(Lines of atoms letter the chains of each structure in order from A; the text may use other names.)
(Lines give C-alpha, C1' and ligand atoms only; values in the text may rest on other atoms or scores of the structure.)
Protein backbone atom coordinates (compact mmCIF):
# COMPACT_ATOMS: atom_id res chain seq x y z
CA UNK A 496 0.00 0.00 0.00
CA UNK A 497 0.99 3.62 -0.55
CA UNK A 498 -1.93 5.49 1.02
CA UNK A 499 -4.57 4.40 3.53
CA UNK A 500 -7.64 6.54 4.18
CA UNK A 501 -8.87 6.42 7.77
CA UNK A 502 -11.34 9.27 7.31
CA UNK A 503 -12.89 10.46 4.04
CA UNK A 504 -16.07 10.25 1.97
CA UNK A 505 -15.78 7.78 -0.86
CA UNK A 506 -18.05 7.80 -3.91
CA UNK A 507 -18.47 5.30 -6.67
CA UNK A 508 -17.70 1.63 -6.72
CA UNK A 509 -15.66 0.07 -3.93
CA UNK A 510 -13.13 -2.10 -5.68
CA UNK A 511 -11.42 -5.25 -4.43
CA UNK A 512 -13.35 -5.28 -1.16
CA UNK A 513 -11.47 -7.35 1.36
CA UNK A 514 -13.27 -9.46 3.91
CA UNK A 515 -13.99 -7.85 7.22
CA UNK A 516 -11.84 -8.44 10.26
CA UNK A 517 -13.37 -8.26 13.72
CA UNK A 518 -11.51 -6.13 16.23
CA UNK A 519 -12.21 -6.12 19.96
CA UNK A 520 -11.78 -2.85 21.84
CA UNK A 521 -12.85 -1.49 25.20
CA UNK A 522 -15.89 -0.05 23.37
CA UNK A 523 -16.96 -3.41 21.95
CA UNK A 524 -16.31 -5.49 18.88
CA UNK A 525 -16.55 -4.07 15.39
CA UNK A 526 -15.79 -5.16 11.84
CA UNK A 527 -13.25 -3.29 9.71
CA UNK A 528 -13.54 -3.53 5.94
CA UNK A 529 -10.75 -2.49 3.55
CA UNK A 530 -11.33 -1.59 -0.10
CA UNK A 531 -9.92 0.39 -3.01
CA UNK A 532 -11.86 3.62 -3.60
CA UNK A 533 -12.84 4.70 -7.08
CA UNK A 534 -13.28 8.32 -5.93
CA UNK A 535 -13.01 10.18 -2.63
CA UNK A 536 -13.20 13.62 -1.06
CA UNK A 537 -13.72 15.27 2.36
CA UNK A 538 -10.42 13.74 3.39
CA UNK A 539 -9.45 14.37 6.99
CA UNK A 540 -7.21 11.46 7.97
CA UNK A 541 -4.83 9.28 5.99
CA UNK A 542 -1.49 7.54 6.23
CA UNK A 543 1.21 7.67 3.55
CA UNK A 544 4.23 5.46 3.10
CA UNK A 545 7.55 7.09 2.28
CA UNK A 546 7.21 5.81 -1.31
CA UNK A 547 3.71 7.34 -1.55
CA UNK A 548 4.88 10.68 -0.20
CA UNK A 549 7.78 10.81 -2.68
CA UNK A 550 5.40 10.09 -5.56
CA UNK A 551 3.01 12.88 -4.54
CA UNK A 552 5.87 15.35 -4.16
CA UNK A 553 6.74 14.66 -7.81
CA UNK A 554 3.22 15.81 -8.81
CA UNK A 555 3.33 19.19 -7.04
CA UNK A 556 1.93 21.80 -7.20
CA UNK A 557 -1.55 20.85 -5.98
CA UNK A 558 -4.37 22.30 -8.05
CA UNK A 559 -7.52 22.92 -5.98
CA UNK A 560 -8.45 21.00 -2.81
CA UNK A 561 -5.90 18.23 -2.22
CA UNK A 562 -8.49 15.46 -1.80
CA UNK A 563 -10.20 16.31 -5.11
CA UNK A 564 -6.82 16.70 -6.82
CA UNK A 565 -5.84 13.20 -5.70
CA UNK A 566 -9.11 11.56 -6.74
CA UNK A 567 -9.40 13.43 -10.05
CA UNK A 568 -5.92 12.16 -10.92
CA UNK A 569 -6.68 8.64 -9.66
CA UNK A 570 -4.08 9.10 -6.94
CA UNK A 571 -1.32 9.25 -9.56
CA UNK A 572 -1.16 5.47 -9.71
CA UNK A 573 -0.60 4.97 -5.97
CA UNK A 574 -1.83 1.79 -4.30
CA UNK A 575 -4.70 3.34 -2.28
CA UNK A 576 -7.07 1.74 0.25
CA UNK A 577 -9.87 2.89 2.56
CA UNK A 578 -10.63 1.35 5.95
CA UNK A 579 -14.16 1.65 7.38
CA UNK A 580 -16.27 0.19 10.16
CA UNK A 581 -18.54 -2.16 8.20
CA UNK A 582 -22.35 -1.98 8.36
CA UNK A 583 -22.46 1.37 10.17
CA UNK A 584 -22.74 4.99 9.11
CA UNK A 585 -24.93 6.44 6.37
CA UNK A 586 -27.24 3.75 4.95
CA UNK A 587 -25.00 1.16 6.64
CA UNK A 588 -22.35 1.70 3.94
CA UNK A 589 -19.58 2.04 6.49
CA UNK A 590 -18.36 4.56 9.02
CA UNK A 591 -14.92 6.16 8.92
CA UNK A 592 -12.40 4.99 11.50
CA UNK A 593 -11.44 8.57 12.34
CA UNK A 594 -14.13 11.22 12.62
CA UNK A 595 -13.78 14.94 12.13
CA UNK A 596 -15.31 17.09 14.88
CA UNK A 597 -15.91 20.49 13.37
CA UNK A 598 -18.20 21.77 16.13
CA UNK A 599 -15.52 23.89 17.83
CA UNK A 600 -13.64 25.21 14.79
CA UNK A 601 -13.09 28.64 16.34
CA UNK A 602 -10.81 27.16 19.00
CA UNK A 603 -8.37 25.63 16.51
CA UNK A 604 -5.10 27.23 15.45
CA UNK A 605 -5.41 25.31 12.17
CA UNK A 606 -7.37 27.19 9.53
CA UNK A 607 -10.25 25.06 8.22
CA UNK A 608 -10.85 24.95 4.48
CA UNK A 609 -14.40 23.54 4.55
CA UNK A 610 -17.78 25.17 5.04
CA UNK A 611 -19.42 25.42 8.46
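Numbering (this note's numbering), first residue to last: 496 to 611. Ideal placement from N, C-alpha and C gives every residue a C-beta, glycine not left out. Note that the structure is a prediction, hence the values are computed from the model and not measured.
Residue 578 is positioned such that its CB atom lies closer than 8 Å to that of residue 501.
Considering only 505, 498, 497, 496, the residue with the shortest C-alpha distance to residue 588 is 505.
Three or more beta-carbon pairs separated by less than 8 Å are not found between the segment 551 to 563 and the segment 513 to 526, which leaves the two stretches without contact.
Ranking 580, 592, 576, 593 by CA distance to the CA of residue 508 puts 576 first.
The three-state reading of DSSP puts residue 588 in coil, since its state is none of H, G, I, E or B.
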